[in-house]
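Colleague:
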DNA sequence: GTCTATAGTGTGATAGAC
DNA sequence: GTCTATCACACTATAGAC
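Chains as they are written, first to last, in the numbering used here: chain D, -19 to 179; chain E, -19 to 179.
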């Protein structure tokens, strides 16, 4: 018999985040009501406000947590110094990390416009930090002559789109393993920066 | 002195489409109300229902019109037979067409989940048709030995993400011309399918 | 910490006058 | 074809009991 009242702060908090993440990813921030989230968690709508001051902050915290965890994860791995090896490392890291968190990645791209101006600026700064990682690698590759990068900003945005696009269609349960995907994407990334000029 | 009543079917219809397109792209389908659209058009909310049976159909018609125009535009240009030349042609076409219609492209990617099941299936079929164009080119390139394409589906999805990602940051008014962009993206696309196996 | 109840506002869509 | 007025319902967020 289910309890109708009681204190569950330790477990309800994470459940609110998880429910909001899943529903925002599936239906979009604006299309999801606080009542839907509460229903998924198993509480009444009013109880959600013990865990977030409002719906906007709930979204913001999901994005901030994701971006900070992403940056921290990169910081914690060992990065090769050689630019090509570093680019391969980045490619494989990006694919592994992002394909494992489809909902977080999805809302991080789709719901930016639903952030308030202040919150948007914070998330954008974190995102810029991630892009900078790739740009530094491309810069080193360009300077060493190991890569052909006519414009670092263009190449970095193109490569991130290439890699993140994987989330649009890849499902782990499909016919291809993560290692297969990493291998094929690395072939394409390496080719994209190795191209020499010819018509 | 503005008229408060009258018949404007010829001009109001397109204005409704244009206002909905702009607002959906900026704020998202679920976050935009019929009253907002009416306000942008300069009519009252009730008048919109002379031009669409409901909000859902308004979104669907925007996406359908865009996808059909895209396919028709490709059909109307001259396509080289040589696979590499065809891939270059596709790359430049995709960039030119998409960078000229940022709002249409944006909602075509972001608002798919707000379509009803029936409408989604129709849009998805049109999208599949566009992907098929690229897959056919890659298939010919693979068979002729001119391209290294381990998995046609993987490569086509990756290249479309690479190219469409341009819309995330490119603004015609920026420091780079469309021709510059087309040149750099073609270098990357060609490299991505030309890579030979090496570690 | 969760509940019930509710304030105050906004929503998509329709009816009928002009 | 557009207007005004409205129905019936959903929304975020808060107040106060337990």
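Glycine included, each C-beta is placed from N, C-alpha and C at the ideal position. Keep in mind the model is a prediction, meaning the values are calculated, not measured.
Can you give me the start and stop residues for the alpha helix (DSSP H) that residue 99 of chain E sits inside?
Modeller: 97 to 124
Colleague: Are residue 152 of chain E and residue 79 of chain E touching if we call contact CB-CB under 8 Å?
Modeller: yes
Colleague: Could you give the C-beta distance for residue 117 of chain D and residue 73 of chain D, rounded to a whole number, given that I count them as a contact under 8 Å?
Modeller: Actually they do not touch by this definition, with Cβ atoms about 11 Å apart.
Colleague: Can you confirm whether the region 86 to 106 of chain D touches the region 57 to 67 of chain D when touching is taken to mean that 3 or more C-beta pairs between the two stretches lie within less than 8 Å?
Modeller: They do not touch, by the three-pair rule.
Colleague: What residue range is occupied by the uninterrupted alpha helix (DSSP H) comprising residue 129 of chain E?
Modeller: According to the DSSP assignment, residue 129 of chain E belongs to no alpha helix (DSSP H), since it is labelled neither H nor E.
Colleague: Quick one: is residue 149 of chain D near chain E, going by C-beta distance under 8 Å?
Modeller: Judged by the 8 Å Cβ criterion, residue 149 of chain D is in contact with chain E.
Colleague: Residue 63 of chain E CB to nearest chain D CB: under 8 Å?
Modeller: Judged by the 8 Å Cβ criterion, residue 63 of chain E is not in contact with chain D.
Colleague: In terms of alpha-carbon separation, which member of E:84, E:90 and E:86 lies closest to residue 86 of chain D?
Modeller: E:90
Colleague: Please decide whether residue 159 of chain E counts as near chain D, where near means a Cβ-Cβ distance under 8 Å.
Modeller: Contact of residue 159 of chain E with chain D is not assigned, every C-beta pair being separated by 8 Å or more.
Colleague: Across the region 25 to 42 of chain E and the region 121 to 139 of chain E, are there enough close Cβ pairs to call them in contact, namely three or more that are closer than 8 Å?
Modeller: no
Colleague: Use the C-beta contact count for residue 170 of chain E: other C-beta atoms within 10 angstroms, 16 or more gives buried, fewer gives exposed.
Modeller: buried
Colleague: In three-state terms, what does DSSP make of residue 149 of chain E?
Modeller: coil
Colleague: Is the region 47 to 62 of chain E close to the region 99 to 111 of chain E, with three or more CB pairs under 8 Å?
Modeller: In this structure the region 47 to 62 of chain E touches the region 99 to 111 of chain E; the number of beta carbon pairs closer than 8 Å is three or more.
Colleague: For residue -6 of chain E, count neighbouring C-beta atoms within 10 Å of its own C-beta (all shown protein chains included) and say buried if the count is 16 or more, exposed if not.
Modeller: exposed
Colleague: Rounded to whole angstroms, what is the Cα-Cα separation between residue 132 of chain E and residue 61 of chain E?
Modeller: Cα atoms of residue 132 of chain E and residue 61 of chain E: separation of roughly 18 Å, rounded to the nearest angstrom.
Colleague: In angstroms with no decimal places, state the Cα-to-Cα distance between residue 141 of chain E and residue 164 of chain D.
Modeller: 15 Å
Colleague: Exposed or buried, which one is residue 26 of chain E when buried takes at least 16 other CB atoms within 10 Å?
Modeller: exposed
Colleague: Since residue 14 of chain D and residue 28 of chain D should fall inside the 8 Å C-beta cutoff, what is the C-beta to C-beta distance between them, to a whole number of angstroms?
Modeller: Right, the Cβ-Cβ distance comes to about 6 Å (below 8 Å), so this counts as a contact.
Colleague: Does the beta-carbon distance from residue 106 of chain D to residue 41 of chain D come in below 8 Å?
Modeller: Going by C-beta atoms, residue 106 of chain D is not nearer than 8 Å to residue 41 of chain D.
Colleague: On a CA-only basis, which of E:30, E:101, E:162 and E:115 is nearest residue 138 of chain D? Give me that one, please.
Modeller: E:162
Colleague: Apply the 10 Å Cβ neighbour rule to residue 147 of chain E and answer buried if 16 or more other Cβ atoms are within range, or exposed otherwise.
Modeller: buried
Colleague: Could you confirm whether any beta carbon from chain D is found closer than 8 Å to the beta carbon of residue 94 of chain E?
Modeller: yes
Colleague: So what does DSSP say about residue 7 of chain E, is it helix, strand or coil?
Modeller: In this structure, residue 7 of chain E counts as helix in the three-state DSSP scheme.
Colleague: Taking buried to mean at least 16 other C-beta atoms within 10 Å of its own C-beta, is residue 166 of chain D buried or exposed?
Modeller: buried
Colleague: Less than 7 Å between C-beta atoms, sequence neighbours within five positions excluded: which residues of the same chain meet that for residue 114 of chain D?
Modeller: 70, 136, 139 and 140
Colleague: Flag this pair as yes or no: are the beta carbons of residue 21 of chain E and residue 45 of chain E separated by less than 8 Å?
Modeller: no
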